[in-house]
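Protein chains in written order, with the numbering used here: chain Z, 1 to 250; chain S, 251 to 742.
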C-alpha cells in the first residue's frame, strides 16, 4: 500500500524520532511511504485558541499538500492531529463559506488515519514484529480516546510486542493537562493535572511512559524530566518500530 | 398575553453568573487549598465511578441520550409556542404565570408575591434558578428570611458560603467543617455533636422541621415544565423539597424558559437520564409533580415565574444553543479534570464546570478579554470527558471552540495583543513549507538553551508559563524533513 505520512509539525520540528519510526515501521511491514513535502501543520492550535480565520489558510494548505501527491491512505502518529483533520477542517472551511474546500477536507479526512487505526483497521495487523525489553505503561491520549475512539487498538499492538512488560496506568483516561495553549493560559491547573498524571505513572514502576501523541508526551515528559524521575517518554511508533536487530532503534 | 421572545431588545443575564476575577486567577487560589483539593478529588472520584456503574446497567443508554437530545432540540425550535401553551395550561388550572426578563425582575416579582401574603419567612426547595438570580440575598435585603431546606444548600447558607457544584453545592466541605458550621449557626444544637454524618443529618432535620411547620410560603425551582398540561416537576433526594411543595399555602416556582418539555410522556426519557447521571441512582427518591391548584390539597396559591436572563441570546446562537439542553445533572462536573483540581468557585458563577464554562459567558455576554466570563471557554483542555458523560449529548468541547472563536473575532478591530501577534506569526510560518523549514532551522539555535543536558529548563515569559513546572526538549540536530531528504532522496 502507498501510505502518505502526515508527520505533524511537532514531530517534524521537535520529535523526529517518532516520525522516522513511523516510516521504518511501515516500510518494514512492506508498504511504500511517501512524504508530501508541502505539508506543515494542521492548524489545531489556531482553531483551539479561537483563531479560526488564521487556521483557514492552514486547512487549505494541508488539503492541497496531500492532494498534490498520489497515495492510498494517509497516516499521522498523532490522535490529536488526526482529530483536527477529521473533526475541525471541514468545520473551519464552512465557517468561512468555502463549501468546496470543506468537501475536499472531508474526502481527505476519510482517508487519514491515526497510526494504531491504520495498523489494526486498515492493514489488519496487531503483531508488527517488535521487540522492546522494557517495563512500559501507556497513556491513552484524550483525542485518540474520545475524538477518534481508537479504543484498545494501541494496547492490542503493545501486547504483541516481545520482551515488553505492559503495566496498566491508574486513572489512564484522565487528561494529562496539556490542552495546547491551556498549558500556558491555565498553567497552574495544568500543572496540578500533570502532577496527578505523573504520580500515577510513577506508581506503576514503569521505565517508559508511552502514548500515541508527541504533544501529550512532551507535557508528561517535561514534568517527569523536571522531577528527575528516571522515567522516559517514548512514542508508540518508536516502540513498534524497535526490533531485536542491533542498531535498528538508531 | 405577550411574550418577549424574539424581542429586539436583548437582555444579558445578570445575578450570580459572573465572577470578579478570571478563571486562571481564581483557580490559582483554589489550587493552593490542599483541603479543597482532597475533598474534591475524593468526592468526584466516588460519584464518577458510581455513575459509570449506574449507566452500564441500561442497555439502551445511548438511544436514551439521543432521545433526550432530540427532545431538547425540538423544545428549542418551538420554544415560543411551547411557552404560550404552557402559560395557557397553568392559567387554566388555577396558577398564575409571570414573565421575568432578568434576575432583578424575577426577584422583584417574587418579593412582591411574598409580601402580598404578609409573610416574612419562606422555605426553599433547592433551585439553581434562584441561585442564579441571587433571590435569597434580595429577599433578605427586603426583610424576608429565605431558608434553604436541601441539606447541602443549608450548609452553604449557614456557612455564608457560595455553592461550588450544581448537585452537591457543599462538595468542597468535609464533615468536620460541616460540624463547625452547624455548631456556629444552629442555636439549639447539642454542643457535643460529633462529625458522624447521621448525627449531622439529624441536627439539620430538627432545625428544618420547625421551619416546615411554620412556613406559609415556599419557593422552588423546576426540573421540568410540561407544555401540554402545565405540570411542573421537581426531583430531589431528601424529601425536604416535597415538604415545601405540599405544606405551605403559597407556592412560587422560578423556572428558566428552557426547562420545558412538550408532552407529559417526554418526562419518561428525562426521568431515566437525570438520576443515573446526577446521583447514580436508578430512580430518584422523591419526584414531585404538580399541576395548578386543587382545593383542600396542597398550596392554594400557585405562581410560576418564567425567567429569561439571557437565555434568548443563547437561543439565537446556532452552535451555542444546545447549552440550553442542560438538565443540571452535573455529570460533566464530576468527570472534568479541570473542575476536579480548580473547584467550582473558580468559575465565578453558580454554574461551574464544563457546562458553566459555556453557559455562563453565553448568558451574560462578554465585554472584552478582561471580562472574567471571557476566560471561561478557555478553562478546558478539550479532553472531551464532559461530552461523553452528558445525558443529553451537549457537545461541550465544540461549543468551547466556537465561543473562543467568537471571543477572538469580537476583538479583531482593536489593537492586537501578544497572543494575536503570536498566532498570526505562527500562521504565517506554517502557511508555507519553505517558511516552516526555515523556522525549524532557526529554532535549532534553541539547542544552546538546552546545553549538554538536552532539555530547556527556563524560558522568558510567556515560555516561563511552561518552564515553571516542566522541561522542554532541545530541538533535535536534524528535523524529520531533513532526515527524509537524506534517506529518501530518490522519492523527492
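Every residue, glycine too, gets a C-beta built ideally from N, C-alpha and C. All values reported here derive from a predicted model rather than from experimental measurement.
Would residue i count as contacting chain S if we go by Cβ distances under 8 Å?
i	result
residue 188 of chain Z	yes
residue 249 of chain Z	For residue 249 of chain Z, the predicted model reports a pLDDT of 48, less than 50, meaning its position is unreliable and no value from the coordinates is stated.
residue 242 of chain Z	no
residue 114 of chain Z	no
residue 226 of chain Z	yes
residue 12 of chain Z	yes
residue 252 of chain Z	The structure shown does not extend to residue 252 of chain Z, since chain Z is modelled only from 1 to 250, so the question has no answer here.
residue 204 of chain Z	no
residue 235 of chain Z	no
residue 118 of chain Z	no
residue 54 of chain Z	yes
residue 25 of chain Z	no
Could you tell me which chain S residues have their CB closer than 8 Å to the CB of residue i, listed as they occur along the chain?
i	result
residue 184 of chain Z	712, 715 and 716
residue 31 of chain Z	The contacting residues do not exist; residue 31 of chain Z stays about 13 Å from chain S at best.
residue 102 of chain Z	None at all; the shortest Cβ gap to chain S is about 16 Å.
So, for residue i: in the same chain, excluding its five sequence neighbours on each side, which residues have a beta-carbon less than 8 Å away from its beta-carbon?
i	result
residue 18 of chain Z	11, 77, 214, 235, 237 and 238
residue 447 of chain S	425
residue 205 of chain Z	135 and 167
residue 270 of chain S	598 and 622
Give a yes or no on whether the C-beta atoms belonging to residue i and residue j are separated by under 8 Å.
i	j	result
residue 526 of chain S	residue 301 of chain S	yes
residue 560 of chain S	residue 350 of chain S	no
residue 650 of chain S	residue 627 of chain S	yes
residue 472 of chain S	residue 509 of chain S	yes
residue 25 of chain Z	residue 240 of chain Z	yes
residue 480 of chain S	residue 386 of chain S	no
residue 182 of chain Z	residue 631 of chain S	yes
residue 414 of chain S	residue 595 of chain S	yes
residue 429 of chain S	residue 458 of chain S	no
residue 153 of chain Z	residue 120 of chain Z	yes
residue 65 of chain Z	residue 38 of chain Z	yes
residue 494 of chain S	residue 582 of chain S	no
residue 592 of chain S	residue 280 of chain S	yes
residue 180 of chain Z	residue 45 of chain Z	yes
residue 273 of chain S	residue 629 of chain S	yes
Among the residues of its own chain, which have a CB less than 6 Å from the CB of residue i, if the five just before and after it don't count?
i	result
residue 251 of chain S	Below a pLDDT of 50, predicted positions are generally treated as unreliable, and residue 251 of chain S, at 41, falls in that range; the measurement from the model is reported next regardless. There are no such residues.
residue 335 of chain S	477
residue 644 of chain S	572 and 575
residue 536 of chain S	486, 489 and 492
residue 700 of chain S	706 and 724
residue 605 of chain S	576 and 582
residue 72 of chain Z	1 and 2
Can you pull the chain S neighbours of residue i, defined as C-beta to C-beta under 9 Å?
i	result
residue 37 of chain Z	683, 731, 734, 735 and 742
residue 47 of chain Z	651, 654 and 655
residue 106 of chain Z	Simply none; closest approach about 16 Å.
Spell out whether any CB of chain B is found under 8 Å from the CB atom of residue i.
i	result
residue 126 of chain Z	Looking at the structure shown, chain B is missing, and the protein chains on hand are Z and S.
So with Cβ pairs under 8 Å, would you call residue i a contact of chain Z?
i	result
residue 549 of chain S	no
residue 702 of chain S	no
residue 615 of chain S	no
residue 543 of chain S	no
residue 296 of chain S	no
residue 254 of chain S	Residue placement at residue 254 of chain S cannot be trusted, given a pLDDT of 47 that sits under 50; the coordinates are not used to answer.
residue 677 of chain S	yes
Could you name the residues of the same chain whose beta carbon sits closer than 7 Å to that of residue i, not counting the 5 residues immediately before and after it, in chain order?
i	result
residue 548 of chain S	496 and 540
residue 729 of chain S	690
residue 305 of chain S	311 and 526
What in chain S is Cβ-close to residue i, meaning under 7 Å?
i	result
residue 191 of chain Z	719
residue 7 of chain Z	730
residue 41 of chain Z	680
residue 222 of chain Z	720, 721 and 722
residue 50 of chain Z	654, 655, 657 and 658
residue 19 of chain Z	730
By the criterion of Cβ-Cβ separation under 8 Å, what are the contact partners of residue i in chain Z?
i	result
residue 638 of chain S	146
residue 690 of chain S	12 and 13
residue 693 of chain S	13
Can you give me, in chain order, the residues of the stretch 166-182 of chain Z that have a beta carbon less than 9 Å from any beta carbon in chain S? 171, 173, 174, 175, 176, 177, 178, 179, 180, 181 and 182
Chain Z contacts made by the stretch 520-536 of chain S, where a contact means CB separation under 8 Å: none
Could you name the residues of the stretch 134-161 of chain Z whose beta carbon sits closer than 7 Å to any beta carbon of chain S, in the order they occur along the chain? 142, 146 and 147
Looking at chain S, which residues of the stretch 65-87 of chain Z have a Cβ within less than 7 Å of any of its Cβ atoms? none
Using a beta-carbon distance cut-off of less than 8 Å, what residues from the stretch 263-286 of chain S approach chain Z? 273, 274, 277, 278 and 281
When you check each C-beta in the stretch 470-494 of chain S against every C-beta of chain Z, which residues fall closer than 8 Å? none
According to a CB-to-CB cut-off of less than 9 Å, which residues of the stretch 616-635 of chain S neighbour chain Z? 625, 627, 628, 629, 630, 631, 632, 633, 634 and 635
Of the residues that make up the stretch 571-596 of chain S, which ones have a beta carbon closer than 7 Å to any beta carbon in chain Z? Within the stretch 571-596 of chain S, the residues whose Cβ lies closer than 7 Å to some Cβ of chain Z are 587, 588, 591 and 592, listed in chain order.
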